[in-house]
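Residue numbers (my numbering): 82 to 917. Even for Gly, the Cβ is constructed at its ideal location relative to N, Cα and C. Some notes on the structure that comes next.
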Amino acid sequence: MTVVAFAEKNKAAAQIASILGDGEVDKISVEGLPAYEFKWKGEEWLVMGLSGHIMNYDFPEKYNKWSEVDPGTLLGVDPEKFVTRKEYEAAIKNLAKRADKIILACDYDREGENIGFEAKTLAEEVTNVPVSRARFSALSPKEVRKAFESPVDPDHNLAMAAEARQILDLKMGAAFTRFVTLSVREKARTKDVLSIGPCQTPTCGFVYEREKAIRAFEAKDFWKITAIFAAKGGEFEGTHRAGNIHDKEKAAEIFKRLKGAKEGLVVKKTVKEAKTSPPNPLNTTEFLKRASKFLGISPEVALETAEQLYLAGFTSYPRTETNKYADDFDFKSLVFDFARQKEYKPFAESILSAPIVPKNGEKDAHDHPPIHPIRAAARGEVSSAVNIPQAAEVYDLISRHFLANLMPAAVFEKTHLHLKVQEEPFDSSGTVLKDAGWLEAYPFENKKDKLLPFVEEKEKVDVKKLSNTKSKTSPPKKLTEAELLTLMDKHGIGTKATAPTHIETNKKRGYFETKGKTVSILDTGFTLMEGLSLSVPILVRPDIRSKIEALIQEVEDGKKEFEAALDEGTVLIKEMYAQLEANKKELTSNIAGTIKDEAALEDKKNYIGSCKACGHVLRIVQTDSGRFVGCTGYPDCRNSFPLPKTGALTVLRSKECKKEGAAVLKVGNKYNWAVGIGPCFKCELEKECYPPETVGPCPECDGSMFLISFKDNRFLGCTKRCGYTHSVPKTGKLTLLDKACESCGWKLFRLKEEKGEGEGNESPEEDICINRRCTEGIKYWKKVGPRNENRAQQKRVSAEPSAGPGEKSTARSAERQATGRVSKAASAAGGRKESK
DNA sequence: GCAAGGTC
C-alpha cells in the first residue's frame, strides 16, 4: 500500500514527513523535485510539496493584444486555466501512478483547498484512486498525526469559491486596467500601466480618503489655561476644567479672573484603581501591526518571518483571523515548556502557580488558532534555525504575547486632584503602576508613570505660574502602514497573506509612497481615485471586494452554484465598466494632466513652478518659432509668459521674485529675468530679491560694505552710499566666506589666485581679512604690497596706506559712477554669488 | 503589459 500526499510547499512536506516518519525519512527526487519517502503504520508514504498554486487563469492568446481588443470584450470571454509549473505537473502524475491512495495536505484554508484540487485534477488524469484531505492548522506532531490518522473528504465548494474569485478578479482587473491605461494614453504620453484591482484600488482608496480629509481640514484656534502649582512635595501642573476653550473672549475672561492668584486649594483628592487587561491573542493583522509598531518591521518582512518560524516548527500557522484560543487548547504543557527556558521562566512559573485563564478575543473564524509559539526556544536557537535577522525578535514577540495572554491584568493607581484658584476649578492627575501583571512579560508597551507629588486634601498650594496658551487644532494625521492594514482587515481587503502585497502594488504603480511608517498619496493616485470616485464610486470603497467576497462565500457555503456566482459577478463588473466608459473624459483628463505635470517636474532644466491660473506645471517651452513659458494644462489653460529671445536660460531655484512670486531665470551671464515680469534690472524690487552680500560695517557711517565688481575693476562700496570705498585684491577669484575675522568682524574672503607661471606647488588658495583698519588686514596688505591693488586706487593707496581723506574724495566719484550701473548691472557683473 | 492568490 502506497500513500501519496501533496503539501502546499516543500518545507511543509519535509516537516510532515519528519513527524510521521519519526526521523526515518529518505529524501528522493521526482522529476527533479524533492519528495520524502518513509513508512508509517505499515504503509509506504511519499510526500511532495507543491509551490503554492501551480495553475493560473488567463485570457486566450488572441485577446492579449491591448491595441486590438476593446477591453470591454474581455468581460464576455471565459479565461482559461493552464499549468504554470510544468515540472510539478510531471511530478504529480509520476507519484499518482504509484499511489493506492492520495491525500491532499495543503494549508487548511480556501486557497489551500484549491491548490490541493489543482494536484487532484492533474492526478486524476492518470489514476482513479481515492483522494482525501488531511486538515491541520499547525505543523506540530500532535496536529499532523491527528490530521493524517483521520483524513476527511476534499471540500469541493471551498475549492470552487477560490476558483470563482480567480476568474472574477482577472476579468475585472484586466478590463479596467486596460481601459484606464489606454484612455489616459490617448491624452498623455506614458509607458506606465495604470492598474485597477478589487484589492489594490480600495487600498489606495483608504489613503486617498485620508488625504482628502487632511486637505479639507481647517485649523481652529483654541486656548488652554494651565497652572504650575508648588506643594511641599514638589511641583505639578494643573489644567483649568474648561479644557480646550474655543472662544478667545471666554479664555481671556477666565484668565482675567485668575489674575494675581498666589494660592490654590486642593478641594478634593480621589485615588482609584484602574485595570488594563492583556491584549487579545494574535491574529495576522494584529501581529503585523504590532511587528510594525513595536519592532519597526514592515508587514511583508514580518509575514515572511512568521512563515519561516512556522515552517521551522517554532510558531503556529501565521495566517489566521481567529483571536480566540480553542477551549481544549493545552496551555499547561506549553507553559511548562517555557518554564524551562531562562528568559521566560519567571512569567511561566507565575502562570503555573494559579489556574490558567486565557485572555480571548471575539473572532473565531474556525481557520487556525491565534498565532502562538509551538515550543519554547532560546533566541540563539531561533536565529540559527531561521535565517532572517528579525526571526528571534519576532519569535520573542509571539511568545511574550502568548504568555501575556495568560497573565493577570495590570493595575494602575490613578490620582485625581480637584483644585480651586480664586474660585476657578483646576484638575491635575497622575498614574502609578501598582501591579505590572502581564506588562511584566510584555516590555513593548511602555506605560510610563505620571507622577504627582504627595498632596493632601484641603492642602493649600502655591501658584507658581499661570498661562493662557493659544494652540491650533491639528489636522488628521497621515495613515500609518499599520492603520492601513487595520482598515484593509476591517473591510476584508485581501487575505492576511496578501495585504502587504497590495500595499506594495500601489507603491509600484506610483499611487502612494511610504515614508517611515506613514503612507502618503501621490498625484497620480490622487487623481485616479478622484476620477474613479466620480465615475464608479464603489471601486474606491471597500464595497467592491465585499460584493465579490459575498458571492464567493455563498459558493463556499454551498448556497450558490459556481456558475451562478460567476454570472452574477460578471454582471456586476459589466455595470461598473459601463459607468467607467460613460465617464471616460472626466476620469482621464485629470490623470493625464498629472502625468504631464510629473514629466514636466522631472525635466528639471525647464521646470519653472506651478501655474497660478490652474495649478498645473509651468515650464519653458522651446518651439521652432522661439521660446516661452507655458502651462502643462494647455489647451484648457492658456497661461503663458514671454522670454528673452537670446541667451542660455538657467532656472534660479534659490531666487524668488518678490514682486510676483514667480521663478527667476538667469539669462546667459548677463542679467536675470523674472518670469511674467521681465528683466530684473527694470524692477524696483531688484535689491530685495538680490540683497548685496555685505562684508562688514562701514567704518564711516552706519551702512555696510559690499563688493562691487566690474569687468576690469572691483572694490568695496557702502550700502548707504556715504562715499567710503575700500580696495580688494586686484586679481584672483574672490569668494565671500561665512567666517568673520576674529580681530575686526569683517567677513573673510577666500582668494584663489589664477595659476601664475612657475609658482610650483604653492597653495593657490587662502582665506584673508582685507580690512585696512584691522591688524589682520594690515598684515595682508603689507604682504602683497601696493602692486596688487586696483589701478584706479593705486595712487591713493601708495600715498596713504591706511584709509584717509584722500581716499574718501576720490572714491566718491568712483562710487557715484558705479552706483548708477550697480543697481542695474551688479548682478550681471559677477559680484554676487548665484546658485544654480 | 492586466488581478489576486499561493510560494521561492
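Annotated three-state conformation of Cys825 is coil, per DSSP.
Between the alpha carbons of Asp151 and Thr713 lies a gap of roughly 29 Å. Annotation: Pro778 is outside any alpha helix (DSSP H); the continuous beta strand (DSSP E) that includes it extends over Thr775 to Pro778. A contact is defined here as three or more CB-CB pairs under 8 Å, and the segment 451–467 fails this definition with respect to the segment 493–511.
Within the segment 499–580, the complete beta strand (DSSP E) runs of at least 3 residues fall at 505–516 and 541–553. DSSP links Ser132 through a beta bridge to Lys90.
Comparing alpha carbon positions, the residue from Lys374, Trp147 and Gly345 closest to Gly319 is Gly345. Your pair Arg481 and Ala522 checks out as a contact, with CB atoms roughly 5 Å apart and the cut at 8 Å. Counting of Cβ neighbours within 10 angstroms places Asp477 among the buried residues, the total reaching 16 or more. Under DSSP, Val492 forms a beta bridge with Lys356 and Asp516.
Collapsing the DSSP output to three states places Thr675 in a helix.
For the set Lys440, Ala435, Leu392 and Tyr398, the Cα lying nearest the Cα of Asp408 is the one of Lys440.
By the Cβ neighbour-count rule, Ala435 is exposed, with fewer than 16 other Cβ atoms within 10 Å of its own. Runs of the beta strand (DSSP E) spanning 3 or more residues and lying entirely within the segment 274–345 occur at 302–312 and 315–321, in chain order. According to DSSP, Leu832 shares a beta bridge with Leu815 and Glu847. When the beta-carbon positions are compared, Val352 and Glu538 stay at least 8 Å from each other. Collapsing the DSSP output to three states places Phe483 in a helix.
The DSSP-derived three-state label of Val748 is strand.
For Gly341, the closest of Cys825, Ala372 and Asp543 by C-alpha to C-alpha distance is Asp543.
For Gln703, the enclosing beta strand (DSSP E) covers residues Val698 to Thr704.
Bounds of the beta strand (DSSP E) holding Thr599 are Thr599 to Ile602. Secondary structure at His583: helix, using DSSP grouped into helix, strand and coil. In this structure, Pro235 and Arg214 form a Cβ contact; the two beta carbons are roughly 5 Å apart against a cut-off of 8 Å. For Glu667, same chain residues with a beta-carbon under 8 Å away, outside a window of 5 residues either side, are Gly612, Leu615 and Ser616 in chain order.
Rounded to the nearest whole angstrom, the C-alpha separation of Ser721 and Ile676 is 20 Å. For Thr595, the enclosing beta strand (DSSP E) starts and ends at Phe593 to Lys596. Rounded to the nearest angstrom, the gap between the Cα atoms of Arg338 and Gly804 is 60 Å.
In summary, Val652 is exposed, with fewer than 16 beta-carbon neighbours lying within 10 Å of its beta-carbon over all protein chains present. Annotated as distal: Gly784 and Lys768, with beta-carbon spacing of 8 Å or more. One alpha carbon belongs to Thr512, the other to Met488, and they sit about 21 Å apart. Distance between Trp126 and Gly102, taken at the CA atoms: about 9 Å. 8 Å or more divides the Cβ of Pro534 from the Cβ of Phe298. In chain order, Leu127, Leu176, Ala180 and Ile183 place their CB closer than 6 Å to the CB of Val85, counting only its own chain and leaving out the 5 sequence neighbours on each side. Taking the Cβ atoms as the reference, Val158 lies roughly 11 Å from Tyr138, outside the contact range of under 8 Å. A straight-line Cα-Cα distance of about 30 Å links Ala93 and Lys423. One Cα belongs to Gly130, the other to Pro115, and the distance between them is close to 8 Å.
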